[in-house]
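> Counting from 1, one number per residue, gives the positions in the sequence shown under UniProt numbering.
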Amino acid sequence: MQLRVTVPPDRTDRVRELFERSPGTAHLAVLPGASLSPAGDLVLADVARESADGLVAALQDLDIDRDGGIVMVAVDAAASRAARVAEERAPGDGADAVVWEQVVRTVDADSRLSVSYLAFLTIATLLAAVAIINDSAILVIGAMVLGPEFAPLAGLAVALIHGRRRIARNAAVSLVAGFAVAIGVTALVALVGRWLGWYGTELLTADRPETGFITAPDRWSVVVAVLAGIAGVLSLTSAKSGALVGVFISVTTVPAAADMALSLALGGQAEFVRAATQLGINLVGILVAATVTLALQKILWHRVPRAAPPMSRLPRRRLSA
1 MQLRVTVPPD RTDRVRELFE RSPGTAHLAV LPGASLSPAG DLVLADVARE SADGLVAALQ
61 DLDIDRDGGI VMVAVDAAAS RAARVAEERA PGDGADAVVW EQVVRTVDAD SRLSVSYLAF
121 LTIATLLAAV AIINDSAILV IGAMVLGPEF APLAGLAVAL IHGRRRIARN AAVSLVAGFA
181 VAIGVTALVA LVGRWLGWYG TELLTADRPE TGFITAPDRW SVVVAVLAGI AGVLSLTSAK
241 SGALVGVFIS VTTVPAAADM ALSLALGGQA EFVRAATQLG INLVGILVAA TVTLALQKIL
301 WHRVPRAAPP MSRLPRRRLS A
C-alpha cells in the first residue's frame, strides 16, 4: 500500500522518522515544498499492508489529517526486494490486516443514498420479480449479485463499532429509502403486467420449486444470514474483496423484496408477510453478524502482540489547535 502524505514543514522530520522506524516501510521519498495546496512537503511511502493501520493512526496523532492530508492507494504488485523484506518484517499477514481508516472511508462513500444505488437496487428487484414469475433460479442469482444493499449494512456495522453517527444515519436512510423505492416501482410494474394479462393471482399459489424458498423463512435463513454477514465483513476489511460476490449470491434480501412487491400487486397478504419476514431475518442477521465480526477484528488487531508496528519511542501526542 502506498501512503501519500502532505505534511506541514514543521512536522516533516517527525513523519520521516515515523516511516524510517516502521519495519513495514519499503520505499520512502521526501519532496520538500512539493505540495501547493495545502502548502507543505510531500512524503511518499510504500508500506506493507499490515503496517498501514498503525502508520495512519500515528500520522493522525500528529494532526496530519487536519493540517495536511493522508492518501491511501492500494498497490497491486511491487517488483522490489525492499518490498519483499518489508512484508516479511511487518507483523502479521497482509491479507488479514485491517486498515480501519480505509474501511471507514469506503463504507461511508458506498452506503450513501444516490441515484445509482437506487437504480441498481430497483433493477435487481425487478429482475428478481421476473425470476419469481418464471420460477428461475438463474435470474434469482443474477438479482442477488446486482443488489447493492450490503454496503449500507456494512456502513451500519462500522458506524456502531466506531461511533460514527453520520455514517449510521446515511446507511439507514439508504436501506429504508432504497427498499421502499425498489418495492414501490416493482409493484407498479407488476400491476402493469397483471393488467396486460401476463399473469394473475394464481401466481400466489403456484408451485415454485426453484424460488419457493424466498417465502419460506426458517432456521437456515438465520444461519445463512449470519454466515453471509461474517463473510461480507471479512471481504471488506481484508485484501480478498473478491469474496463479496459470493456473499451477494448467498442471501435473499432482494428476492424477498421482489416477492413483497408482487404480493402487493396481486393482493397476497400472507405471501407479503412471509416475504417481509425473510427480508427482516436476512437484514438483522447480516447486521448482527457483521457488527460482532468487526468488534472481534478490532479487539484482535489492537491487542494481539505485535499487531501494530512498534513505534512507542516516537512521540505521539496531539498538537495544540
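Beta carbons: idealized from backbone N, C-alpha and C, even for Gly. Bear in mind the structure is a predicted one, so any value in this text is a computation, not a measurement.
To the nearest angstrom, how far is it from the Cα of residue 228 to the Cα of residue 286?
On the sequence shown, position 228 is the one that residue 228 refers to. On the sequence shown, position 286 is the one that residue 286 refers to. Those two C-alpha atoms are separated by around 6 Å.
> What's the call for residue 268, buried or exposed, on a 16-neighbour Cβ count within 10 Å?
Translated into the one-based positions of the sequence shown, residue 268 becomes position 268. Result: buried.
> For residue 284, which residues in the same chain have their Cβ closer than 8 Å to its Cβ, ignoring the five residues on either side in sequence?
On the sequence shown, residue 284 is found 284 positions in, with the first residue counted as 1. If we look at residue 284 and ignore the five residues flanking it on each side, its Cβ neighbours are 225.
> Taking a contact to mean a Cβ-Cβ separation below 7 Å, would you say residue 56 touches residue 87 in this structure?
As a position in the sequence shown, residue 56 is number 56, starting the count at 1. As a position in the sequence shown, residue 87 is number 87, starting the count at 1. Going by C-beta atoms, residue 56 is not nearer than 7 Å to residue 87.
> For residue 147, does the three-state DSSP call read helix, strand or coil?
For this step, residue 147 is matched to residue 147 along the sequence shown. In this structure, residue 147 counts as coil in the three-state DSSP scheme.
> Using 8 Å as the threshold, is the segment 147-156 in touch with the segment 206-218, meaning 3 or more CB pairs across them?
Output reads no: the segment 206-218 does not touch the segment 147-156.
> Based on DSSP bridge pairs, tell me the residues matched to residue 31.
Taking the first residue of the sequence shown as position 1, residue 31 is located at position 31. According to DSSP, which records beta bridges pairwise, residue 31 is partnered with 42.
> I need the DSSP call for residue 285, collapsed to helix, strand or coil.
Locating residue 285 in the sequence shown gives position 285, counting from the first residue. Looking at residue 285 - three-state DSSP - the assignment turns out to be helix.
> Where residue 181 and residue 24 are concerned, what is the direct C-alpha to C-alpha distance, given to the nearest angstrom?
Numbered from its first residue, the sequence shown carries residue 181 at position 181. Numbered from its first residue, the sequence shown carries residue 24 at position 24. Going by the C-alpha atoms only, they are around 47 Å apart.
> Please tell me whether residue 187 and residue 296 are closer than 7 Å, where the distance is taken between their beta carbons.
Here residue 187 is taken as the residue at index 187 of the sequence shown, counted from 1. Here residue 296 is taken as the residue at index 296 of the sequence shown, counted from 1. In this structure, residue 296 does not lie closer than 7 Å to residue 187 by Cβ.
> Indicate whether residue 254 and residue 125 have their beta-carbon atoms separated by less than 7 Å.
For the purposes of this step, residue 254 is taken as residue 254 along the sequence shown, with counting starting at 1. For the purposes of this step, residue 125 is taken as residue 125 along the sequence shown, with counting starting at 1. Yes, they are a contact pair.
> Residue ranges of each alpha helix (DSSP H) run of no fewer than 4 residues wholly in the segment 110-141, ordered along the chain?
Runs of the alpha helix (DSSP H) inside the segment 110-141: 115-134.
> Check each candidate in 256, 234, 131, 46 and name the one with the smallest Cα separation from residue 221.
Indexing the sequence shown from 1 puts residue 221 at position 221. Considering only alpha carbons, the answer is 256.
> Check the DSSP bridge columns for residue 21 and list the partner residues they point to.
Translated into positions along the sequence shown, residue 21 becomes position 21. Answer is none; residue 21 lacks a bridge partner.
> With distance defined between alpha-carbon atoms, name the residue in 203, 77, 236, 217 nearest to residue 154.
Numbered from 1 along the sequence shown, position 154 holds the residue referred to as residue 154. Looking at the Cα atoms, 236 is the closest of the given residues.
> If you run the structure through DSSP and keep just helix, strand and coil, what is residue 72?
As a first step, residue 72 is located in the sequence shown; it is residue number 72 there, counting from the start. Note: residue 72 maps to strand in three-state DSSP.
> Just grab the DSSP bridge partners of residue 102 for me.
For the purposes of this step, residue 102 is taken as the residue at position 102 of the sequence shown. The partner list for residue 102 (beta bridge, DSSP) is empty, contrary to what the question assumes.
> Counting along the chain, where does the alpha helix (DSSP H) carrying residue 266 start and finish?
Along the sequence shown, read from residue 1 onward, the residue named residue 266 stands at position 266. Residues 253-266.
> Give me, in chain order, the residues of the same chain whose beta-carbon lies closer than 7 Å to that of residue 133; leave out the 5 immediate sequence neighbours on both sides.
Reading the sequence shown from its first residue, position 133 is the one you call residue 133. These residues qualify, in order along the chain: 199, 203.
> Since residue 160 and residue 291 are thought to touch, with beta carbons under 8 Å apart, how far apart are those beta carbons, to the nearest angstrom?
As a working mapping, residue 160 is identified with position 160 in the sequence shown. As a working mapping, residue 291 is identified with position 291 in the sequence shown. Indeed they touch by this definition, with Cβ atoms about 5 Å apart.
> Taking the DSSP output, what are the residues bridged to residue 36?
The residue labelled residue 36 in the question sits at position 36 within the sequence shown. For residue 36, which the question treats as bridged, DSSP gives the partners 39.
> Considering only C-alpha positions, which residue in the set 60, 64, 44, 73 is nearest to residue 10?
As a position in the sequence shown, residue 10 is number 10, starting the count at 1. Of the listed residues, the one whose Cα sits closest to residue 10 is 64.
> Tell me the rounded alpha-carbon separation between residue 68 and residue 51.
Start at 1 with the first residue of the sequence shown, and residue 68 comes out as number 68. Start at 1 with the first residue of the sequence shown, and residue 51 comes out as number 51. So the alpha carbons of these two residues sit roughly 21 Å apart.
> Starting from residue 237 and walking both ways along the beta strand (DSSP E), at which residues does that stretch end?
In the sequence shown, residue 237 corresponds to position 237, counting from 1. Counting along the chain, residue 237 falls outside any beta strand (DSSP E), though it belongs to the alpha helix (DSSP H) covering 219-237.
> Hey, quick one: how far does the beta strand (DSSP E) through residue 3 stretch, first residue to last?
For the purposes of this step, residue 3 is taken as the residue at position 3 of the sequence shown. That run of the beta strand (DSSP E) goes 2-7.
> What is the DSSP secondary structure of residue 294, counted as helix, strand or coil?
For the purposes of this step, residue 294 is taken as the residue at position 294 of the sequence shown. Here residue 294 sits in helix by DSSP.
> If we count the other Cβ atoms within 10 Å of its Cβ and call it buried at 16 or more, is residue 259 buried or exposed?
Residue numbering aside, residue 259 sits at position 259 when the sequence shown is read from its first letter. Its Cβ being crowded by 16 or more others within 10 Å, residue 259 is buried.
> With DSSP collapsed to three states, give me the class of residue 26.
Position 26 of the sequence shown, counted from the start, is the residue given in the question as residue 26. It is a strand residue.
> Hey, how far is the Cα of residue 17 from the Cα of residue 30?
Residue 17 sits at position 17 when you count from the first residue of the sequence shown. Residue 30 sits at position 30 when you count from the first residue of the sequence shown. About 11 Å.
> So residue 85 and residue 53 are in contact, right, with Cβ under 8 Å, and what is the actual spacing, rounded?
Residue mapping note: residue 85 aligns to position 85 of the sequence shown, counting from 1. Residue mapping note: residue 53 aligns to position 53 of the sequence shown, counting from 1. The pair is not a contact, with the Cβ atoms about 20 Å apart (cut-off 8 Å).
> Please state if the CB of residue 170 and the CB of residue 80 are separated by a distance shorter than 7 Å.
Counting from one through the sequence shown, the residue named residue 80 turns up at place 80. Counting from one through the sequence shown, the residue named residue 170 turns up at place 170. Not a contact, by the Cβ cut-off of 7 Å.
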